[in-house]
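Right, one structure below, let's go through it.
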Amino acid sequence: MKTRMLFLAYLFFCTAAWAQQGKIDSTEMLTLRIDPQTAHGAAVSQIFSEVEFIPLETTKESLFGSISQLKIMEDNYVIYDYDTKAILIFGKDGKYRAKINASNIEQDKNEKNKSEFYGFIPEQENNTSYIVVYAGVRIFYFDLKGKLVKKIMEKDYVNRHSSRDLKFASNGTIVRPDYLQKQGKDSTFYELGFINKNKDSVGYFPYSSKRYDNDEFWSSGSRYSQTAPDEILYLNYYSYDIYKARPSKLSLAYHIIFPAANSLPRDFNSNPVYVKKRGEFFKNNPKVFYGLSNTFLVGNNLYFKMHNFGWDRTMKKALIYNLKTSELTSIQDLEPDALSSFLPVTDASGSFYDFMNKGFQLYENGYFYTNYSSLAMFAFKEQSEGKTNKYPPALEAYFKTQNKKSNPVLIKLKPKLD
């Protein structure tokens, strides 16, 4: 309920006085016919040019379960762990720096059990970086040392900020998710809007504000990814289309066709028989992909994940499609080699689930970031026994001093462009 209230508050304040409905350009659309099960593996060094394992320091205070949210702020990795409801700050070398949890949140006398929080927002004001936390009806600002700097009322924060905005580098145009255009008594909601101070704002994909009450919307992860300064990829609900936003327009870039066994019915978005019964449909048809996530365009390579209700580990659901050669690679079938010290770069190849659930958690400055648990790391080391007797210094120290119960390990990957 709290998340829904924040979402509605966000919609209320993220408005523009003048807007028009935009037209989607499909003149350059590519149709990609993809059968995931035909994807093959590859050596890690064929896909990535750099691999770095970054163990996150384990102390009594810094011990946590898993990475639910990851951001890079200045020279820090900032992590939210849902299990412990805590934010942890580590240096680029993995050294522990600070922690923010419920004990740092002053509880209002009129609020009970409202000091928990469910993530954070990286914010910058006056060239200073802050970790912003929603808790109860207030917003708390912490610095990168975990110290509380200030607190304000939620309504005042939402009125001044649009924390989900994405910005194009070249002209300052803003892409705003869940964009609301108000004119007089009329309001129109859009999946996304282009906001430019020198032009009328443009909205795409109008929808009803009551849709979440009237139907079900299944998705996994963010529907937006920015892999270049002037390029944002966007995904819509119950669709295998990938849209590309540029400063001047929104275009339908890729239309993916999957095998019939994995595809939504053609009338899935229009036939009322599916309304309020979409989860039931996916449960009864566990091989059908209800959507995409983790879409990144890096050079000629299109990365994406598919999601379904089934849990068949033989299904290949994290792929790389080369737009130049049409080659299809399965990320879960990547083979460790010398570049990765003969260790897997994701945990998808074992009996673990972090990558299959979350995919790459971040793409920034030309690098992907993912992670897996120390339990997985020590299992993978045992499996690779005899293939190498030398690891990078940080990993060597980790194996000597840590164990299966230690903190997760970050994996930083530089993807090749071709």
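Using this note's numbering, the final residue of the sequence shown is 1875, and nothing's skipped along the way.
Where a beta carbon is used, it is the ideal one built from N, C-alpha and C, also for glycine.
Quick caveat, the model's predicted, so the values are computed rather than measured.
- Of the residues assessed, Phe-1547 falls on the buried side of the cut-off, its CB having 16 or more other CB atoms within 10 angstroms.
- Secondary structure of Thr-1752 (DSSP, three-state): strand.
- In the three-state reduction of the DSSP assignment, Met-1610 falls in the strand class.
- Using a 10 angstroms sphere on the CB of Lys-1774, the tally of other CB atoms reaches 16 or more, which defines it as buried.
- In the structure shown, the three-state DSSP call for Thr-1858 is helix.
- In its chain, beyond the 5 residues on either side, Phe-1799 have a beta carbon closer than 6 Å to the beta carbon of Lys-1844.
- CA-to-CA, the gap between Ser-1806 and Val-1535 works out to about 27 Å.
- Around the beta carbon of Ser-1797, 16 or more other beta carbons lie within 10 angstroms, which makes this residue buried.
- Sequence-distant Cβ neighbours of Val-1590 in its own chain, meaning closer than 6 Å and more than five residues away, are Phe-1574, Phe-1577 and Phe-1597.
- For a cut-off of 8 Å, the C-beta gap from Phe-1746 to Phe-1715 is around 6 Å, short enough to register as a contact.
- With a cutoff of 8 Å on beta-carbon distance, Val-1501 and Asp-1790 are scored as not near each other.
- Following the DSSP letters along the chain, one finds Arg-1770 in no alpha helix (DSSP H), marked with neither H nor E.
- Between Ala-1710 and Leu-1874, the CB-CB gap reaches or exceeds 8 Å.
- The beta carbon of Tyr-1697 lies closer than 6 Å to those of Ile-1713 in the same chain, with the five residues before and after it left out.
- Closest in alpha carbon position to Ser-1783, among Lys-1480, Gly-1479, Thr-1484 and Pro-1493, is Pro-1493.
- Collapsing the DSSP output to three states places Asn-1728 in coil.
- Shortest Cα-Cα distance from Asp-1672 to any of Glu-1582, Pro-1729 and Ile-1609 involves Pro-1729.
- Under the criterion of beta carbons closer than 8 Å, Ile-1511 and Val-1866 qualify as touching, at roughly 7 Å.
- With contacts defined as CB atoms closer than 8 Å, Ser-1682 and Thr-1752 qualify as a contacting pair.
- Under the three-state reduction of DSSP output, Gln-1840 falls in the helix class.
- Annotation: Lys-1762 is outside any alpha helix (DSSP H); the continuous beta strand (DSSP E) that includes it extends over 1758–1764.
- For Asp-1657, the closest of Asp-1613, Ile-1868, Gly-1479 and Phe-1837 by C-alpha to C-alpha distance is Gly-1479.
- Secondary structure remark: continuous beta strand (DSSP E) runs of at least 3 residues inside the region 1669–1706, in chain order: 1681–1685, 1688–1692 and 1698–1703.
- Asn-1765 and Pro-1743 do touch by the CB rule: their CB atoms are close to 6 Å apart, below 8 Å.
- For Gln-1503, the uninterrupted alpha helix (DSSP H) segment begins and ends at 1501–1504.
- Leu-1754 is not a Cβ neighbour of Val-1508, given a cutoff of 8 Å.
- When DSSP states are grouped into helix, strand and coil, Asp-1538 belongs to the strand group.
- Ranked by how close their Cα comes to the Cα of Glu-1485, the residues Arg-1735, Pro-1579, Ile-1631 and Ser-1708 have Ser-1708 in first place.
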